[in-house]
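Participant: Chains W and D are the protein sequences, given in the same order. Using this note's numbering, the letters of the first sequence correspond one by one to residues 3 to 537. Using this note's numbering, the letters of the second sequence correspond one by one to residues 2 to 300. We put the beta carbon where it would ideally sit given N, CA and C, even for glycine. All figures in this text were calculated on a predicted structure; none of them were measured in a lab.
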Amino acid sequence: MTTTRRNALKGVAGAFALGMGGIHWDTRQAGAQAPKKGGTLNFAISAEAPHYDPHASDTYATLHFAAPFYSTLLRFDLAKFPELEGDLAQSWTVAPDLLTYTFKLHPNVKFHDGTALTSADIKATYDRLRAPPQGVVSTRQATFADIGTIETPDPLTVIFKMKAVNASMAEHFASPWNVIYAAKDLASDPRAPLTKINGTGPFSFVEHVKGGHVAGKRNESYFKQGLPLLDGWKGIFTLQAAAMLNAVQGGQVMGEFRGISPAERDRLVSAMGDKIRIEESSWTLALLVCFNVEKKPFDDVRVRRALLLAIDRWGGSTGLSRISTLRSVGGVVRPGSPFATPEAELVKLPGFSKDIAASRAEAKKLLADAGQSNLKFTLWNRNLAMPYTPAGIFLVDQWRQIGVEVEHKQSDTAPYLATMNAGNHDVAVDFTNLFMDDTSLALSKFLSLSRSPENRSRSKDEELDKLYDDHIRERDPEKRKALIRAFEKRLYEQAYQQQLLWWHRIVPTHKTLMGWQMSPSHNLGAQLEGVWLNT
Amino acid sequence: MTLALPTTPVKADDTRQPHAVLEFIRQQPLGAISFVIIFIMMFAGVFSNLVSPYDPLAIDFASILSAPSIDHWCGTDAYGRDICSRLIYGSRTALVIGFTSSFVGSTLGAILGIASAYFGGRIDNIIQRFVDILLAFPLIVLALVVVASFGRTKLGGIDVNLILAIAIPIIPRVTRVVRAAALSVRVMPYVDAARAAGYSHSRIIFRHMAPNVVAPYLIMLTAFIAQAILAEASLSFLGLGVTEPTAAWGLMLSGNAADFYREAPWMILFPGVAISLAVFAFNLFGDSLRDFLDPRFKV
Numbered sequence: 003m004t005t006t007r008r009n010a011l012k013g014v015a016g017a018f019a020l021g022m023g024g025i026h027w028d029t030r031q032a033g034a035q036a037p038k039k040g041g042t043l044n045f046a047i048s049a050e051a052p053h054y055d056p057h058a059s060d061t062y063a064t065l066h067f068a069a070p071f072y073s074t075l076l077r078f079d080l081a082k083f084p085e086l087e088g089d090l091a092q093s094w095t096v097a098p099d100l101l102t103y104t105f106k107l108h109p110n111v112k113f114h115d116g117t118a119l120t121s122a123d124i125k126a127t128y129d130r131l132r133a134p135p136q137g138v139v140s141t142r143q144a145t146f147a148d149i150g151t152i153e154t155p156d157p158l159t160v161i162f163k164m165k166a167v168n169a170s171m172a173e174h175f176a177s178p179w180n181v182i183y184a185a186k187d188l189a190s191d192p193r194a195p196l197t198k199i200n201g202t203g204p205f206s207f208v209e210h211v212k213g214g215h216v217a218g219k220r221n222e223s224y225f226k227q228g229l230p231l232l233d234g235w236k237g238i239f240t241l242q243a244a245a246m247l248n249a250v251q252g253g254q255v256m257g258e259f260r261g262i263s264p265a266e267r268d269r270l271v272s273a274m275g276d277k278i279r280i281e282e283s284s285w286t287l288a289l290l291v292c293f294n295v296e297k298k299p300f301d302d303v304r305v306r307r308a309l310l311l312a313i314d315r316w317g318g319s320t321g322l323s324r325i326s327t328l329r330s331v332g333g334v335v336r337p338g339s340p341f342a343t344p345e346a347e348l349v350k351l352p353g354f355s356k357d358i359a360a361s362r363a364e365a366k367k368l369l370a371d372a373g374q375s376n377l378k379f380t381l382w383n384r385n386l387a388m389p390y391t392p393a394g395i396f397l398v399d400q401w402r403q404i405g406v407e408v409e410h411k412q413s414d415t416a417p418y419l420a421t422m423n424a425g426n427h428d429v430a431v432d433f434t435n436l437f438m439d440d441t442s443l444a445l446s447k448f449l450s451l452s453r454s455p456e457n458r459s460r461s462k463d464e465e466l467d468k469l470y471d472d473h474i475r476e477r478d479p480e481k482r483k484a485l486i487r488a489f490e491k492r493l494y495e496q497a498y499q500q501q502l503l504w505w506h507r508i509v510p511t512h513k514t515l516m517g518w519q520m521s522p523s524h525n526l527g528a529q530l531e532g533v534w535l536n537t
Numbered sequence: 002m003t004l005a006l007p008t009t010p011v012k013a014d015d016t017r018q019p020h021a022v023l024e025f026i027r028q029q030p031l032g033a034i035s036f037v038i039i040f041i042m043m044f045a046g047v048f049s050n051l052v053s054p055y056d057p058l059a060i061d062f063a064s065i066l067s068a069p070s071i072d073h074w075c076g077t078d079a080y081g082r083d084i085c086s087r088l089i090y091g092s093r094t095a096l097v098i099g100f101t102s103s104f105v106g107s108t109l110g111a112i113l114g115i116a117s118a119y120f121g122g123r124i125d126n127i128i129q130r131f132v133d134i135l136l137a138f139p140l141i142v143l144a145l146v147v148v149a150s151f152g153r154t155k156l157g158g159i160d161v162n163l164i165l166a167i168a169i170p171i172i173p174r175v176t177r178v179v180r181a182a183a184l185s186v187r188v189m190p191y192v193d194a195a196r197a198a199g200y201s202h203s204r205i206i207f208r209h210m211a212p213n214v215v216a217p218y219l220i221m222l223t224a225f226i227a228q229a230i231l232a233e234a235s236l237s238f239l240g241l242g243v244t245e246p247t248a249a250w251g252l253m254l255s256g257n258a259a260d261f262y263r264e265a266p267w268m269i270l271f272p273g274v275a276i277s278l279a280v281f282a283f284n285l286f287g288d289s290l291r292d293f294l295d296p297r298f299k300v
């Protein structure tokens, strides 16, 4: 652009407007361009939310639907992940003994119905999360078991007093699932959030057309000045991958924020050239091989261990990463994250050796010792092409190489989960869906069934439970790391379940979509407050 | 009844009737070609383990998406599996499901058709209105409904519900055709005679009427094998048929094939050709058989 007096004046005016508006925007994403206000963002959501209540959900479909309408106490700063930043909390302090968390709330926060937010709303929300009333589901209830009392000395101060140290508590306050509801709404009907949306988020609810879309419009009284930047947004349900790709390619949607496969990425790049932006990251998701230890012969550790030893994860990673979202070899913690087991240590754990011939020889010997040389079983799997089907095909092939015959059975999500939750499976491809790398969340899935309903191996192991409890109380990172290693070793030696491969996240967005931030979790960054359109 | 046999010896050359097979080849050359295709399919299906160059389920990540070559005649898929081997094993899946579904559907349809014609009256009305309802649904739609409702039940490695799902839509179609043929048989004197002799309904249906409607039955059976193969391929393509990693032609067209068909067109080309060829062969063979067996087409 030629520098003219008129352009210079426009620039000064723009800068003044930005300063007055107090707009915060991310220069890493937006480059040198100033964010623009206005416009409606259309994006794809590959699944439809079963209801509106994130407290009761563990599917991203609920978050991509509902997160823009709500706020949380803290949240992850995606520019410095996994550091935290305040959302409703203007500031917060943690007592040195980790037993008291004090939050000061932003003033002048209003719910979409005009009611002012106070500390009572925070207390009501967290009371619902840690002790849900009859008929209310709080999926992560166990996460808040260490909270003793919640005090509200004034309308803008909340104090959480803990019964015991939980070194991960701050991260749990930043969980995207723990959105804040209005106390009066919960008082009138504790189940109201399932079907009614009244949050303090950057956008207010417009409509949900079942099977079609969900729409939001700018919350004009949003407490963060100058935000959001968009006039509104529409999340369009595109349940078929082909439909989603066509919509991205055709410009009906400007992105899909969960993740696509390498082949889908290549198709979009090939078709759209420099109009599409592709961002990639490791992902806080992993597929697991899960044995039902209540069923014979999987009650025998030799059988379970043999089956894990037969899997060539390193070879699988190389091959499957070309055709699916599966990629990294890792233990109980996401590879590359602070507490992850280094490769040098990982290869010493059962199932992770790079000498696959030796591992398979040992596997055959274990099966023979267990009297299961002609083992046959059913592998229960989810009927999702990416990446469950490739994982199932790969596992069947790996087990055939030690003489094990496997029937691969796939079903829709509801019966898949119901079968595993009821313990009707032999062996299953299970999953972990995390929003952060903190191990209190990652390890909890492997606790005894009585403590962790999502432990689909149905194992009971007091040693693992104790290691878990010790590690969440441990404040020294090195000692904590040692406890995590011990937990991982015990888990894999007992071979109840084991990570197959960790996922790799690939997100396509149009280059005109700005301000959206990539992270290792598709559950984060769904509020859309800093997103804008460069059109 | 007795038959008078020729007593005068004659030269063999003068009296020998053309062998039925040779006559079929002479009259229906396309039918003969289609039979050869079916025979090759059947041979490949039965002796898959002998004629297949590779294990159809073996993953080889070093050979992902290899183009057709001396090593892999039809190339490899996204898992490095040999497509030629999967086609050969896929013929087994197609034939087992195709033939079983068609046999079950055609046989039940034939029984219903003969019974409907034999009993007539209210029973005929009830059966035919039921048939009308089923006929209102296209074969693949009805199969979709059945398989989605019943789920999967495997017996001896064979998905019984999948076979039923394909067989059920065949039943009304065969019922209607066989009933028409059975109506003309029903008025034959020997049926009246059997009835007068006090034979049971089942004896009259199975021993006196059924053998006389074998021609339309066989034609329908053959024709519906093609339909059943197509239905199995369609259901597998839609994720409702056999599951990965089983080698099945419809399944080979879905999944990763949709992602990689641009860079590896052989992933869809060869299974597509196999399905088309099988359907073409069975349809043509069925048509040729009808032309050969039905005296009206000989005029």
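Determine the burial state of residue 12/D: buried for a count of at least 16 other Cβ atoms within 10 Å of its Cβ, exposed for fewer.
Facilitator: As a working note, residue 12/D is residue 11 in the second sequence. Model confidence at residue 12/D stands at a pLDDT of 49, short of 50, so the residue's coordinates are unreliable; what they give is reported in the following sentence. By the 10 Å Cβ count, residue 12/D comes out exposed.
Participant: Check whether the Cβ atoms of residue 256/W and residue 45/W lie closer than 8 Å to each other.
Facilitator: Here residue 256/W refers to the residue found at position 254 of the first sequence. Here residue 45/W refers to the residue found at position 43 of the first sequence. Yes, these two residues count as a Cβ contact at 8 Å.
Participant: From residue 472/W to residue 336/W, what distance separates their C-alpha atoms?
Facilitator: For the purposes of this step, residue 472/W is taken as residue 470 along the first sequence, with counting starting at 1. For the purposes of this step, residue 336/W is taken as residue 334 along the first sequence, with counting starting at 1. Roughly 21 Å separates the two Cα atoms.
Participant: For residue 107/D, does the count of other Cβ atoms within 10 angstroms reach 16, so buried, or fall short, so exposed?
Facilitator: Residue numbering aside, residue 107/D sits at position 106 when the second sequence is read from its first letter. Residue 107/D is buried by the Cβ-count criterion.
Participant: Given residue 49/D, which residues of its chain have a CB within under 6 Å of its CB, disregarding the five upstream and five downstream residues?
Facilitator: Within the second sequence, residue 49/D is the residue found at index 48, counting from 1. Excluding residues within five positions, the ones whose Cβ falls inside 6 Å are 89, 90, 93.
Participant: According to DSSP, what are the bridge partners of residue 96/W?
Facilitator: Against the first sequence, residue 96/W aligns to sequence position 94. Looking at the DSSP assignment, residue 96/W forms a beta bridge with 103/W.
Participant: Report the rounded CA-to-CA distance for residue 385/W versus residue 290/W, giving the unit in angstroms.
Facilitator: In the first sequence, residue 385/W corresponds to position 383, counting from 1. In the first sequence, residue 290/W corresponds to position 288, counting from 1. Approximately 15 Å between the Cα atoms of the pair.
Participant: Strictly under 8 Å for the Cβ-Cβ distance: is residue 266/W near chain D by that measure?
Facilitator: Position 264 of the first sequence, counted from the start, is the residue given in the question as residue 266/W. Output row for residue 266/W: interface = yes.
Participant: Give me the subset of the stretch 384-397 of chain W whose CB atoms are less than 7 Å from a CB atom of chain D, sorted by chain position.
Facilitator: Going along the stretch 384-397 of chain W in chain order, one finds 385, 387, 391, 394, 395, 396 with a Cβ nearer than 7 Å to chain D.
Participant: Going by beta carbon distance, what residues of the same chain come within less than 7 Å of residue 459/W, once the five residues before and after it are set aside?
Facilitator: Within the first sequence, numbered from 1, the residue matching residue 459/W stands at position 457. 292, 293, 294, 295, 498, 499, listed in sequence order.
Participant: Since residue 164/W sits in a beta bridge, which residues does DSSP pair it with?
Facilitator: Working through the first sequence from its first residue, we reach residue 164/W at position 162. Its beta-bridge partners are 149/W.
Participant: So, do the stretch 110-117 of chain D and the stretch 173-181 of chain D have three or more beta carbon pairs nearer to each other than 8 Å?
Facilitator: Output reads yes: the stretch 173-181 of chain D touches the stretch 110-117 of chain D.
Participant: Are the beta-carbon atoms of residue 530/W and residue 195/W separated by less than 8 Å?
Facilitator: Translated into the one-based positions of the first sequence, residue 530/W becomes position 528. Translated into the one-based positions of the first sequence, residue 195/W becomes position 193. Contact flag unset, no.
Participant: Looking at chain W, is there any beta carbon in it that lies within less than 8 Å of the beta carbon of residue 259/D?
Facilitator: Against the second sequence, residue 259/D aligns to sequence position 258. Judged by the 8 Å Cβ criterion, residue 259/D is in contact with chain W.
Participant: By a C-beta neighbour count over all protein chains shown, 10 Å radius and 16 as the cutoff for buried, is residue 301/D buried or exposed?
Facilitator: There is no way to answer for residue 301/D, as the model of chain D reaches only from 2 to 300.
Participant: Can you check whether the C-beta of residue 410/W is within less than 8 Å of a C-beta belonging to chain D?
Facilitator: Taking the first residue of the first sequence as 1, we reach residue 410/W at position 408. Residue 410/W counts as touching chain D.
Participant: So with CB distances below 7 Å, who are the chain W contacts of residue 62/D?
Facilitator: Your numbering for residue 62/D matches position 61 in the second sequence. Within 7 Å Cβ-Cβ: 317, 320, 321.
Participant: Pull up the CB-CB distance for residue 380/W and residue 407/W, whole angstroms please, since I reckon it's below 8 Å.
Facilitator: Your numbering for residue 380/W matches position 378 in the first sequence. Your numbering for residue 407/W matches position 405 in the first sequence. Wrong, their Cβ atoms sit about 10 Å apart, outside the cutoff.
Participant: Taking DSSP as the reference, what is the three-state secondary structure of residue 91/W?
Facilitator: Position 89 of the first sequence, counting from 1, holds the residue named residue 91/W. Reduced to three states, the DSSP call for residue 91/W is strand.
Participant: Which first and last residues belong to the beta strand (DSSP E) in which residue 504/W is found?
Facilitator: Taking the first sequence and counting its residues from 1, one reaches residue 504/W at position 502. Counting along the chain, the beta strand (DSSP E) containing residue 504/W begins and ends at 499-512.
Participant: Residue range of the alpha helix (DSSP H) that residue 248/W falls in?
Facilitator: Counting from 1 along the first sequence, the entry for residue 248/W is found at position 246. Its alpha helix (DSSP H) spans residues 243-252.
Participant: With burial defined as no fewer than 16 other Cβ atoms inside 10 Å of the residue's Cβ, what is the status of residue 533/W: buried or exposed?
Facilitator: Counting from 1 along the first sequence, the entry for residue 533/W is found at position 531. The residue is buried, with at least 16 neighbouring Cβ atoms inside 10 Å.
Participant: Grab me the residues of residue 35/D's own chain with a C-beta within less than 6 Å of its C-beta, minus the 5 sequence neighbours each way, in chain order.
Facilitator: Residue mapping note: residue 35/D aligns to position 34 of the second sequence, counting from 1. Around residue 35/D: 282, 285, 286.
Participant: Under 8 Å Cβ-Cβ, which residues of chain W neighbour residue 273/D?
Facilitator: As a first step, residue 273/D must be located in the second sequence, where it is residue number 272. Within 8 Å Cβ-Cβ: nothing; residue 273/D doesn't reach chain W, min ~18 Å.
Participant: Is it buried or exposed for residue 241/W, if we count other Cβ within 10 angstroms and need 16 for buried?
Facilitator: Translated into positions along the first sequence, residue 241/W becomes position 239. By the neighbour-count rule (16 or more Cβ atoms within 10 Å), residue 241/W is not buried but exposed.
Participant: Report the residue from 41/W, 101/W, 354/W, 38/W whose alpha carbon sits nearest the alpha carbon of residue 475/W.
Facilitator: If you number the first sequence from 1, residue 475/W lands on position 473. Looking at the Cα atoms, 101/W is the closest of the given residues.
Participant: Taking a contact to mean a Cβ-Cβ separation below 8 Å, would you say residue 50/W touches residue 63/W in this structure?
Facilitator: Taking the first residue of the first sequence as 1, we reach residue 50/W at position 48. Taking the first residue of the first sequence as 1, we reach residue 63/W at position 61. The answer is yes: Cβ separation under 8 Å.
Participant: Report the three-state DSSP secondary structure of residue 189/W (helix, strand or coil).
Facilitator: Looking up residue 189/W in the first sequence gives position 187. Helix at residue 189/W.
Participant: From this set, 129/W, 121/W, 139/W, which residue's C-alpha is nearest residue 154/W's C-alpha?
Facilitator: Within the first sequence, the letter at position 152 stands for residue 154/W. The shortest Cα separation from residue 154/W among 129/W, 121/W, 139/W belongs to 121/W.
Participant: Is residue 399/W close to chain D? Criterion is C-beta to C-beta, closer than 8 Å.
Facilitator: Sequence index remark: in the first sequence, residue 399/W carries index 397 (1-based). Yes, residue 399/W lies at the interface with chain D (some Cβ there is under 8 Å from its Cβ).
Participant: Exposed or buried, what is residue 212/D when buried is set at 16 or more other beta-carbons lying within 10 Å of its beta-carbon?
Facilitator: Counting from 1 along the second sequence, the entry for residue 212/D is found at position 211. The residue is exposed, with fewer than 16 neighbouring Cβ atoms inside 10 Å.
Participant: Beta carbons nearer than 9 Å to chain W: which residues of the stretch 236-265 of chain D have them?
Facilitator: Hits within the stretch, in order: 240, 244, 245, 246, 247, 255, 256, 257, 259, 260, 261, 263, 264.
Participant: Classify residue 167/D: buried if its beta carbon has 16 or more other beta carbons within 10 angstroms, exposed otherwise.
Facilitator: Translated into positions along the second sequence, residue 167/D becomes position 166. So residue 167/D ends up on the buried side.
Participant: Would the beta-carbon of residue 41/W fall within 8 Å of that of residue 232/W?
Facilitator: Walking along the first sequence from the start, residue 41/W turns up at place 39. Walking along the first sequence from the start, residue 232/W turns up at place 230. Yes; because the gap between Cβ atoms is below 8 Å, this pair is in contact.
Participant: Just how far apart, CA to CA, sit residue 220/D and residue 290/D?
Facilitator: Counting from 1 along the second sequence, the entry for residue 220/D is found at position 219. Counting from 1 along the second sequence, the entry for residue 290/D is found at position 289. The alpha-carbon atoms of residue 220/D and residue 290/D are separated by roughly 6 Å.
Participant: How about residue 55/D and residue 83/D: are their beta carbons less than 8 Å apart?
Facilitator: Reading the second sequence from its first residue, position 54 is the one you call residue 55/D. Reading the second sequence from its first residue, position 82 is the one you call residue 83/D. Cβ atoms of residue 55/D and residue 83/D: closer than 8 Å.
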